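Quick notes on the structure that follows.
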Amino acid sequence: MDRILIDGGEEILVGRGLPSPLLPPSDRLRVLVVTQPGARQVAEAVAERVDIPTVEIFELPDREAAKDLDTVEAIYRRLLEGGFSRRDTIVGVGGGTVTDVAGFVAATWLRGIEVVHVPTTLLAAVDAAIGGKTGVNFQGKNLVGAFWHPSRVVIDLDVLSRLPRDLLREGSAEAVKAGLVGDPLLVDAYRRRGLDADLEVVVPRAVAVKARVVSADFREAGRRAVLNYGHTVGHALETVTGLAHGYAVAVGMTAAAEIARRRHGYDGDDQRRLLQGMGLPVDVDDAGVDAGAEAVLEAMSRDKKRDVDGIRFVLLRDVGDPTVEHVTPDDVDAALEAVGVR
Ligand SMILES: NC(=O)c1ccc[n+]([C@@H]2O[C@H](COP(=O)([O-])OP(=O)(O)OC[C@H]3O[C@@H](n4cnc5c(N)ncnc54)[C@H](O)[C@@H]3O)[C@@H](O)[C@H]2O)c1
Ligand SMILES: [Zn+2]
14 MDRILIDGGE EILVGRGLPS PLLPPSDRLR VLVVTQPGAR QVAEAVAERV
64 DIPTVEIFEL PDREAAKDLD TVEAIYRRLL EGGFSRRDTI VGVGGGTVTD
114 VAGFVAATWL RGIEVVHVPT TLLAAVDAAI GGKTGVNFQG KNLVGAFWHP
164 SRVVIDLDVL SRLPRDLLRE GSAEAVKAGL VGDPLLVDAY RRRGLDADLE
214 VVVPRAVAVK ARVVSADFRE AGRRAVLNYG HTVGHALETV TGLAHGYAVA
264 VGMTAAAEIA RRRHGYDGDD QRRLLQGMGL PVDVDDAGVD AGAEAVLEAM
314 SRDKKRDVDG IRFVLLRDVG DPTVEHVTPD DVDAALEAVG VR
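Mapping of the sequence shown onto the working numbering: position 243 corresponds to residue 256, and the numbering continues sequentially without gaps.
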């Protein structure tokens, strides 16, 4: 197994199958496995592997709808009934919805108990489950949350290699994003084999990029922002059209590449070919959605990446060489035009 460490944070184990012991040693008496329908089988395998008498499984409703305070309250009730104390452990087994909710519950129950994640989507493995950001939706997306590191993250590549094609494709957008901002060799793996790039190469490399950035900057003051490559336009498209996150990020990276081409001579055509080779959309037409410039600009102006000086973009001077810059309205117009938003 590959072992990657985040300074002051979690250890991340990447390999085939579940490690033994699955959980870091401790004097816990109880474990609550939080999961979702698509990850139920893995959750049962995890529950069987945990070597203590009291292991319960809590299944959330599917997808983003589960990421709210009602779900959090339902889990608190189960923890109360089960007598979960500060020495006990929550294990999140599922996609980013599960790891975000399980992490938030763990961060807040009795002011914080241990959480371990077993991500079962590619997006959760390379992004949501690592780095210690947790949260749920309240009015707006992720408006309630906490920073709380898991003690361990276990990534089973056998699980990821059985993912349906669309989930693999969506998660690969975040994996290739990690490569574009921090690891040219990871990008090459996708360049050569498209979506069939070897998970044993791309997963540990994408995790390592995030681990490196998060170690340097846990609370997102500066460097962590590079992980938002493609997310300024991406989030706005997601809000306006309901496009899935990974696809929105792919279109957003294409938009950002246009600004980087204007300012730094970045090769946006090459990035376009790379994404297309992975079956990812590079404009709203590809993505099968319709979005007007006015609505997208309005959504962007409400984004967290905005400050008093205007909107910030992560731009690439080259693959692996990111910079964070304020851009002009002209830049933004060109970026939107480049992805078919008019
Ligand atoms: N905390 C962070 O830093 C961070 C970063 C990125 C994303 N996120 C969050 O992650 C969430 C999205 O995560 P996601 O894309 O994993 O979505 P998700 O958790 O909703 O899972 C998507 C679907 O995949 C199914 N599924 C899970 N594992 C499966 C498997 N092995 N095989 C088949 N189906 C499976 C689920 O049941 C669900 O239907 C969003 O809420 C987002 O805000 C958080
Ligand atoms: Zn993202």
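From the three backbone atoms N, C-alpha and C, an ideal C-beta is built for every residue, glycine too.
All of these numbers come straight from a predicted model, not from anything done at the bench.
Practice prompt. Could you name the residues of the same chain whose beta carbon sits closer than 8 Å to that of S174, not counting the 5 residues immediately before and after it, in chain order?
Written response: Position 161 of the sequence shown, counting from 1, holds the residue named residue 174. Closer than 8 Å at the Cβ level, and outside the excluded window around S174, lie L212.
Next item on the list: List the DSSP bridge partners of D331.
Entry: One-based indexing of the sequence shown puts residue 331 at position 318. D331 pairs with D334.
Practice prompt. Note down the Cα distance separating D5 from P37, rounded to an integer number of angstroms.
Written response: Since the first residue shown for the chain is 14 and the last is 355, residue 5 is missing from the structure and cannot be characterised.
Task: Three-state secondary structure (DSSP) of I25 - done: Residue numbering aside, residue 25 sits at position 12 when the sequence shown is read from its first letter. Reduced to three states, the DSSP call for I25 is strand.
Less than 6 Å between C-beta atoms, sequence neighbours within five positions excluded: which residues of the same chain meet that for T134? Numbered from 1 along the sequence shown, position 121 holds the residue referred to as residue 134. Hits under 6 Å: G108, L180, G184.
Checklist entry - Going by the CB atoms, is the gap between L31 and R62 shorter than 8 Å? => result Position 49 of the sequence shown, counted from the start, is the residue given in the question as residue 62. Position 18 of the sequence shown, counted from the start, is the residue given in the question as residue 31. Yes, these two residues count as a Cβ contact at 8 Å.
| said: Determine whether the beta carbon atoms of A210 and Y260 lie at a separation below 8 Å. | reply: For the purposes of this step, residue 210 is taken as the residue at position 197 of the sequence shown. For the purposes of this step, residue 260 is taken as the residue at position 247 of the sequence shown. Not a contact, by the Cβ cut-off of 8 Å.
TODO: Spell out the partners DSSP gives N150 in its beta bridges.
DONE: For this step, residue 150 is matched to residue 137 along the sequence shown. Paired residues: D81.
(request) Please report how far the alpha carbon of I70 lies from the alpha carbon of D101, in whole angstroms. (result) Residue mapping note: residue 70 aligns to position 57 of the sequence shown, counting from 1. Residue mapping note: residue 101 aligns to position 88 of the sequence shown, counting from 1. About 14 Å.
Notebook entry, point to check: Are I168 and I25 close, meaning C-beta to C-beta below 8 Å?
Noted result: Residue 168 sits at position 155 when you count from the first residue of the sequence shown. Residue 25 sits at position 12 when you count from the first residue of the sequence shown. Yes, they are a contact pair.
### Message
In chain order, what are the residue ranges of uninterrupted alpha helix (DSSP H) at least 4 long that sit wholly in the stretch 185–216?
### Response
197–206
query: Could you give the distance in angstroms between the alpha-carbon of H339 and the alpha-carbon of R276?
result: Sequence index remark: in the sequence shown, residue 339 carries index 326 (1-based). Sequence index remark: in the sequence shown, residue 276 carries index 263 (1-based). About 12 Å.
_I need the straight-line Cα distance from G278 to R330, nearest angstrom please._
The count along the sequence shown starts at 1 and reaches residue 278 at position 265. The count along the sequence shown starts at 1 and reaches residue 330 at position 317. Roughly 7 Å separates the two Cα atoms.
Check: Nearest to A273 by alpha carbon, out of F326, H248, E251, G255?
Finding: The sequence position of residue 273 within the sequence shown is 260, counting from 1. Cα-wise, what sits closest to A273 is F326.
*In the DSSP assignment, what residue or residues form a beta bridge with E94?*
In the sequence shown, the residue the question calls residue 94 occupies position 81. Note: E94 sits in no beta bridge, so no partner.
* Using the beta-carbon count (16 or more within 10 Å), is K80 buried or exposed? -> Here residue 80 refers to the residue found at position 67 when the sequence shown is read from its first residue. K80 should be labelled buried.
### Task
Leaving out five residues on either side along the sequence, give the residues of the same chain with a beta carbon under 7 Å from the beta carbon of V332.
Taking the sequence shown and counting its residues from 1, one reaches residue 332 at position 319. So the qualifying residues of the chain are L193, P197, V200.
Report the rounded CA-to-CA distance for L310 versus A268, giving the unit in angstroms. On the sequence shown, residue 310 is found 297 positions in, with the first residue counted as 1. On the sequence shown, residue 268 is found 255 positions in, with the first residue counted as 1. Each residue's Cα considered, the two are about 13 Å apart.
- Spatially closest choice to A60 from V106, V172, V222, by CA coordinates: Sequence index remark: in the sequence shown, residue 60 carries index 47 (1-based). Ranking V106, V172, V222 by Cα distance to A60 puts V106 first.
Given D171, which residues of its chain have a CB within under 7 Å of its CB, disregarding the five upstream and five downstream residues?
-> Locating residue 171 in the sequence shown gives position 158, where the first residue counts as 1. The beta carbon of D171 sits closer than 7 Å to the beta carbons of R29, G30 from its chain, once the five residues preceding and following it are set aside; these are given in chain order.
| request: Please find out if some non-hydrogen atom of ligand 2 comes closer than 7 Å to the beta-carbon of V327. | output: For the purposes of this step, residue 327 is taken as residue 314 along the sequence shown, with counting starting at 1. False, no ligand heavy atom lies under 7 Å from that Cβ.
Discussion item. I'd like to know whether the C-beta atoms of R182 and L256 end up nearer to each other than 8 Å.
Written reply: Position 169 of the sequence shown holds residue 182. Position 243 of the sequence shown holds residue 256. It is not a contact, given that the beta carbons lie outside the stated cut-off.
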